[in-house]
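**Student:** Would you mind keeping the following structure in view while I ask a few things?
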Amino acid sequence: MPKVTFLPDGITAEVPKGTSILDAGLGAGVRIGNACGGVCACSTCHVWVREGFASLSEQEDRELDILDKAFEVKPTSRLSCQAEVGDANVVVEVTPESLQTFYDEHPEERRKAQEAAAGGNR
Ligand code: FES
5 MPKVTFLPDG ITAEVPKGTS ILDAGLGAGV RIGNACGGVC ACSTCHVWVR
55 EGFASLSEQE DRELDILDKA FEVKPTSRLS CQAEVGDANV VVEVTPESLQ
105 TFYDEHPEER RKAQEAAAGG NR
């Protein structure tokens, strides 16, 4: 089965072909936003694909329309809820926009991350 690695956390999930990047991440505990619940309506699941872009499912017009609303859109940008894994391994970077949304949805996780960061600076 193909593997999806999520940066900056470095978490890797092994998932069946056809699994969305978002589902792979959520199943592995990756901090990734998904304000609309994965129905291609919000752009908060935006990731930059570092490896394996060509192996992902094709982008449809609806995804491109929603992606237009995201911040820092790049040629390798995808909405992770719409990008399904093919045969190859994939490496993606969760965008700051997506991480921010995750923390907005999970304030307790933001607090834990802030405490961990403060602890690491001592
Ligand atoms: S989760 Fe909303 S567009 Fe992907």
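The sequence shown maps to residues 5 to 126 in our numbering.
Even for Gly, the Cβ is constructed at its ideal location relative to N, Cα and C.
The structure presented is a predicted model; accordingly, all values stated were derived computationally and were not measured.
#1: Can you list the residues near the ligand FES, meaning Cβ strictly closer than 5 Å to any non-hydrogen atom, in the order they appear in the chain?
#2: Exposed or buried, which one is R35 when buried takes at least 16 other CB atoms within 10 Å?
#3: Could you check if V129 is buried or exposed, using at least 16 other CB atoms within 10 Å of its CB as the buried criterion?
#4: For R54 and C85, what's the separation of their Cα atoms in angstroms?
#5: For the alpha helix (DSSP H) containing F106, name the first residue and the last one.
#6: Comparing C-alpha positions only, which one of T80, A120 and T23 sits nearest to P6?
#7: Nearest CA to the CA of F75: which residue from V94, F10, S61 and E101?
#8: Whether or not the region 50-64 and the region 86-98 are in contact is what I'm after, with contact meaning three or more pairs of Cβ atoms, one per stretch, closer than 8 Å; do they touch?
#9: Of the residues C49, A45 and A32, which one's Cα is nearest the Cα of N38?
#10: Please state the DSSP three-state secondary structure of R82.
#11: Classify A87 as buried or exposed, calling it buried when 16 or more other Cβ atoms lie within 10 Å of its own Cβ.
**Tutor:** Let's see:
#1: N38, C40, G42, C44, C46, C49, L83 and C85
#2: buried
#3: Residue 129 lies beyond the range of the chain shown here (5 to 126); nothing can be said about it.
#4: 17 Å
#5: P100 to E109
#6: T23
#7: E101
#8: yes
#9: C49
#10: strand
#11: buried
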